[in-house]
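Read through the structure below, which is laid out as structure tokens, and then see the notes.
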Amino acid sequence: MISSSVLSRNRLIDKAEKFDLKRFVLETLTLLTTGLILYYFASTATENLVDQGIASGFGFLHQEAGYAIGETWITYSPSDTYARALLAGFLNTLYVTAIAIVFTTIIGTLIGIARASSHWLLSRLSAGYVEIFRNTPLLLQVMFWIALMRQLPSPRQAYNPVTGLFLTNRGIIHTVPVLNDYLYSLILAFIAGIVLATGYALWRRKRLYASGRSLPFITIVLPLIIVPPVLVWLLGSSSLEFEQPVLKGFNFVGGLTYSPEFLALVLGLVAYTSAFVAEIVRSGIQSVDAGQKDAARSLGLRGSLILRLVILPQALRVVVPPMTNQYVNIAKDSSLAVAIGYPDLVSVGNTAINQTGQAIEILFLMMIVYVGISASVALIMNRYNKRIALVEKP
Amino acid sequence: MRTISFAAVLAVTLTTIVPPIAMSADGDSLKTIQARGDLICGADGKRPGFSAPNSEGVWQGFDVDFCRAVAAAVLGDADKVKYIALSPAQRFPSLQSGEIDMLSRVTTLTLTRAVTLGINFAPVNFYSGTKIMVHKALNVDSALDLNGASMCIPPGSSQERAIADFFRRHNMEYNSVVIDNIKELGDAYLQNRCDGMASFEPGLALTRLRAGQTDDHVILPEDIEKEPLAPAIRGGDDQFFNIVTWVVYATFEAEEWGIDSTNVDDMLKSDNPKIQRFLGVSGDLGEKLGLSNDWAYQIVKQVGNYAEIFENNIGANAPLKLERGLNELWLNGGLHYPPPFQ
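Here the protein sequences come in this chain order: H and B. Each residue of the first sequence is one higher than the one before, starting from 17 at the first, in the working numbering. Each residue of the second sequence is one higher than the one before, starting from 21 at the first, in the working numbering.
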């Protein structure tokens with residue numbers, strides 16, 4: 017009986033792998049038709065643009081953009097090209113997205129855990145957070161944050177809670193250490209500490225799995241990270257120099273400035289998306305069978321260990337796939353920057369469209385960029401999902 | 021086999037039967053508008069004085085009146101206009117794609133726009149200039165003192181480039197804040213997010229008016245850039261281009277001959293041959309444009325002459341109280357100069 021079913025399955029596979037003329041012709045035709053339709057659309061659009069006397073093509077990318085961008089990660093001035101302007105906008109989009117993803121994950125996870133906890137006040141507070149931020153439109157929230165930011169005093173009356181930190185309606189400005197040799201050695205020492213600590217953590221886990229005996233973690237890792245920079249500080253001859261923000265003319269010069277638009281956008285994205293993430297995390301935790309917790313407790317594990325070793329690893333399998341959606345949403349929602357004036361890709365692109373009139377080309381570029389960002393996020397998350405997925409024994 | 025032939029038929033059908041996507045102007049806007057019974061006009065919608073709905077939802081303003089004038093000439097009824105509110109970034113694609121028949125939205129005429137966008141500009145109906153407004157508390161009285169300032173600028177506008185050029189020319193730095201929605205941009209400036217706001221002068225006056233405390237803001241004297249504003253239509257339609265062009269001239273011409281909405285009926289009895297020709301009592305000027313002969317009469321009767329349009333929306337009879345300045349007729353030292361109606 018068994019052998020005959022195996023045989024029939026093999027026959028099926030043979031059939032599928034054999035060259036099938038009918039199928040080949042059909043697939044080729046479908047591909048050709050799709051290609052023809054796309055070509056037809058593209059050529060009609062080009063033709064119509066030419067007929068209407070509208071400039072087309074990507075030549076404009078090399079022309080001088082002629083407009084300023086509020087904040088950039090690369091040097092940019094109005095005499096640079098449109099290509100560079102769009103690149104500056106793209107980097108701003110990436111920056112906002114990355115920052116928002118990190119904070120969303122941390123805050124969302126914490127609130128999700130709090131929401132699933134049996135602590136009454138904690139659970140209710142986080143439920144309130146989720147309901148407020150999940151049930152109001154993101155645009156409204158971003159507008160709210162920017163309105164709040166603008167209530168801060170003007171630079172001349174800047175609010176200065178601690179030395180080197182200024183809160184103004186032009187942004188939050190703080191002092192930064194000057195990048196000199198001394199700072200470099202501090203950073204190097206810090207990296208060395210992290211490498212040491214990671215090495216210890218890996219060795220500790222290997223030993224734990226081999227012998228079942230657990231060595232202390234925090235009491236070893238923390239000193240490993242802290243000691244090297246402290247040594248540099250004690251032995252080093254020079255000290256850190258700070259670049260202080262100074263009010264010069266209209267605004268602060270020096271230091272690092274976070275613009276109100278950037279802060280409002282990040283706050284909006286994080287507050288809104290972390291409400292969704294919290295719900296995902298909560299559903300993940302609650303999807304773990306209650307028996308797992310009881311079993312862990314009966315083994316004598318503490319509450320935090322139960323969460324870390326038993327609940328979260330199992331919850332993660334439920335949590336990761338929908339998280340991908342939330343990350344992709346952050347990337348796309350960051351385009352709300354247009355509403356408040358943060359110079360993201362869409363904002364910069366809109367200006368370029370208006371200056372050149374080449375809406376199709378610029379919108380096409382923007383679409384490609386967003387598809388690219390979303391696809392990269394999805395790819396990374398899928399890899400991660402595969403790693404943590406339950407490996408079922410055959 | 022059936023599936024294969026279906027695919028083949030589909031491919032052939034799609035490439036031959038489906039007509040080209042109707043993106044281009046069909047070269048006959050007049051017929052389309054008359055068949056539709058409405059003129060679709062793109063305007064700003066958030067600039068009281070130029071274009072904004074009033075408390076009853078009726079659109080009013082300087083830009084709106086030029087839409088109404090075209091509707092009066094083409095359809096005989098100035099109220100047959102549908103308005104679409106457009107941001108600076110939306111306006112040109114909206115016109116190019118045929119969503120609107122005419123763009124009347126404080127749009128500056130520049131070479132690049134006129135040449136590369138596939139649109140045509142009617143004559144300039146408002147001469148303006150980019151200026152900078154600052155908070156009075158800053159004690160600044162020249163734009164040349166603005167090195168290092170934060171500037172609120174409408175994005176995608178000709179002003180954005182004008183400001184960049186101005187600061188570059190004078191070797192000054194600035195920090196730009198660009199917000200698409202003009203009201204949001206004004207709020208950002210009024211809430212002191214920026215030291216200065218750049219826009220064409222009436223836009224600044226409007227923002228200042230909205231703040232209530234008009235004395236708290238100063239419009240600096242420097243002319244940053246010329247801003248001639250003109251209505252625009254899609255390229256490739258000479259007839260409609262001529263109509264919009266001569267509608268604009270008609271409002272000038274009516275003012276030149278002292279014809280306004282109150283006396284236009286009396287003027288029909290005028291012995292002046294020029295006025296007779298203009299109002300369609302004699303001659304065939306309207307027919308030459310493809311309109312009825314009383315086209316100019318309808319404009320003046322239902323909308324008014326240029327002076328009325330100006331004063332009632334943005335001039336002496338309106339909250340903005342703008343001076344005519346360059347927008348006087350040539351006879352009074354301004355730039356509006358209608359060619360002969362003959």
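Where a beta carbon is used, it is the ideal one built from N, C-alpha and C, also for glycine.
Contact set between residue i and chain B, taken where Cβ atoms lie within less than 7 Å
i: alanine 71 of chain H; result: Thr136
i: glycine 75 of chain H; result: Result: empty, since nearest Cβ-Cβ is about 11 Å, beyond 7 Å.
i: isoleucine 411 of chain H; result: Lying before the first or after the last residue shown, residue 411 of chain H is absent from chain H, which here runs from 17 to 410.
i: proline 276 of chain H; result: Arg213
Span of the alpha helix (DSSP H) around residue i
i: glutamate 331 of chain B; result: 326–333
i: tyrosine 56 of chain H; result: 37–67
i: asparagine 108 of chain H; result: 98–132
i: glycine 206 of chain B; result: 202–210
i: isoleucine 188 of chain H; result: Here isoleucine 188 of chain H belongs to no alpha helix (DSSP H); instead the beta strand (DSSP E) covers 187–190.
i: glycine 209 of chain H; result: 197–227
i: threonine 52 of chain B; result: 49–56
i: alanine 316 of chain B; result: 315–322
i: lysine 294 of chain B; result: 293–299
i: phenylalanine 86 of chain B; result: 82–95
Beta-carbon proximity of residue i to residue j, cut-off 7 Å
i: glycine 149 of chain B; j: glutamate 247 of chain B; result: yes
i: valine 158 of chain H; j: leucine 395 of chain H; result: no
i: alanine 250 of chain B; j: asparagine 325 of chain B; result: no
i: glycine 81 of chain B; j: glycine 69 of chain B; result: yes
i: tyrosine 83 of chain H; j: alanine 105 of chain B; result: no
i: tryptophan 161 of chain H; j: glycine 284 of chain H; result: yes
i: proline 175 of chain B; j: aspartate 200 of chain B; result: yes
i: valine 194 of chain H; j: glutamate 259 of chain H; result: yes
i: arginine 56 of chain B; j: isoleucine 139 of chain B; result: no
i: serine 170 of chain B; j: asparagine 191 of chain B; result: no
i: asparagine 267 of chain H; j: arginine 186 of chain H; result: yes
i: valine 198 of chain B; j: isoleucine 173 of chain B; result: yes
i: isoleucine 376 of chain H; j: isoleucine 369 of chain H; result: no
i: isoleucine 346 of chain H; j: threonine 289 of chain H; result: yes
i: histidine 78 of chain H; j: threonine 97 of chain H; result: yes
i: alanine 132 of chain H; j: isoleucine 389 of chain H; result: no
i: isoleucine 85 of chain H; j: proline 359 of chain H; result: yes
i: threonine 121 of chain H; j: valine 297 of chain H; result: no
i: arginine 125 of chain B; j: arginine 111 of chain B; result: yes
i: asparagine 398 of chain H; j: valine 336 of chain H; result: no
i: alanine 294 of chain H; j: phenylalanine 149 of chain H; result: no
i: leucine 183 of chain H; j: leucine 168 of chain H; result: yes
i: leucine 311 of chain B; j: valine 301 of chain B; result: no
i: phenylalanine 76 of chain H; j: threonine 372 of chain H; result: yes
i: threonine 130 of chain B; j: serine 75 of chain B; result: no
i: glutamate 221 of chain B; j: lysine 321 of chain B; result: no
i: glutamate 245 of chain B; j: alanine 163 of chain B; result: no
Residue range of the beta strand (DSSP E) that includes residue i
i: leucine 272 of chain H; result: 272–274
i: alanine 63 of chain B; result: 59–63
i: isoleucine 162 of chain H; result: That residue, isoleucine 162 of chain H, is in no beta strand (DSSP E); its alpha helix (DSSP H) goes 154–165.
Cross-chain neighbours of residue i in chain B, by beta carbon under 9 Å
i: tyrosine 386 of chain H; result: Those do not exist, as tyrosine 386 of chain H stays about 17 Å from chain B at its closest Cβ, beyond 9 Å.
i: isoleucine 369 of chain H; result: Ala109, Phe112, Pro113 and Gly176
i: glycine 373 of chain H; result: Phe112, Pro113, Gln116, Thr132, Arg133, Thr136, Leu137, Gly138 and Ile139
Chain B residues whose Cβ lies nearer than 8 Å to that of residue i
i: alanine 205 of chain H; result: Simply none; closest approach about 36 Å.
i: serine 201 of chain H; result: Within 8 Å Cβ-Cβ: nothing; serine 201 of chain H doesn't reach chain B, min ~34 Å.
i: glycine 209 of chain H; result: Per Cβ cutoff of 8 Å: no residues; glycine 209 of chain H is ~38 Å from chain B at best.
Contact set between residue i and chain H, taken where Cβ atoms lie within less than 7 Å
i: glutamate 180 of chain B; result: Tyr83 and Thr367
Short CB-CB distance (under 7 Å) between residue i and chain C
i: serine 170 of chain H; result: This model lacks chain C altogether; the protein chains it does include are H and B.
Where residue i meets chain H, residues with beta-carbon distance less than 9 Å
i: glycine 168 of chain B; result: Lys264, Gly265, Phe266, Asn267 and Val269
i: glutamine 259 of chain B; result: Those do not exist, as glutamine 259 of chain B stays about 16 Å from chain H at its closest Cβ, beyond 9 Å.
i: alanine 105 of chain B; result: Correct list: empty, because the minimum Cβ distance to chain H is about 16 Å.
Chain H residues whose Cβ lies nearer than 8 Å to that of residue i
i: asparagine 212 of chain B; result: Arg166, Ser170 and Asn185
i: alanine 184 of chain B; result: Gly82, Tyr83, Ala84 and Pro94
### Task
For the region 349–387 of chain H, list the alpha helix (DSSP H) runs that are entirely contained and at least 4 residues long, ordered along the chain.
Here the runs fully enclosed are 353–356 and 361–372.
### Query
Using a Cβ cut-off of 9 Å, which residues of the region 187–207 of chain B contact any Cβ in chain H, in chain order?
Going along the region 187–207 of chain B in chain order, one finds Phe187, Arg188, Tyr194, Asn195, Ser196, Val197, Val198, Ile199, Asp200, Asn201, Glu204, Leu205 and Asp207 with a Cβ nearer than 9 Å to chain H.
### Message
At a CB distance below 8 Å, what residues from the region 225–257 of chain B approach chain H? Give them in sequence order.
### Response
Listed in sequence order: Arg254, Gly255 and Gly256.
### Message
Quick check on the DSSP output: what are the complete beta strand (DSSP E) runs of length 3 or more inside the region 220–280 of chain B, in order along the chain?
### Response
Runs found: 237–239, 245–249 and 252–254.
### Task
Below 8 Å between beta carbons is the criterion; list the residues of the region 73–100 of chain B that meet it against any residue of chain H, in chain order.
Flagged: no residues at all.
### Query
What runs of the beta strand (DSSP E), each 3 residues or longer, lie entirely inside the region 251–323 of chain H?
Complete beta strand (DSSP E) runs here, min 3: 262–264, 267–269 and 272–274.
#### Entry: Contact set between the region 310–328 of chain B and chain H, restricted to residues whose Cβ is under 7 Å from the partner
Cβ contacts with chain H come from no residue of the region 310–328 of chain B.
### Query
Unbroken beta strand (DSSP E) runs of length 3 or more, entirely within the region 132–204 of chain B: which are they?
Fully enclosed beta strand (DSSP E) runs of 3 or longer: 139–141, 146–155, 169–173 and 194–198.
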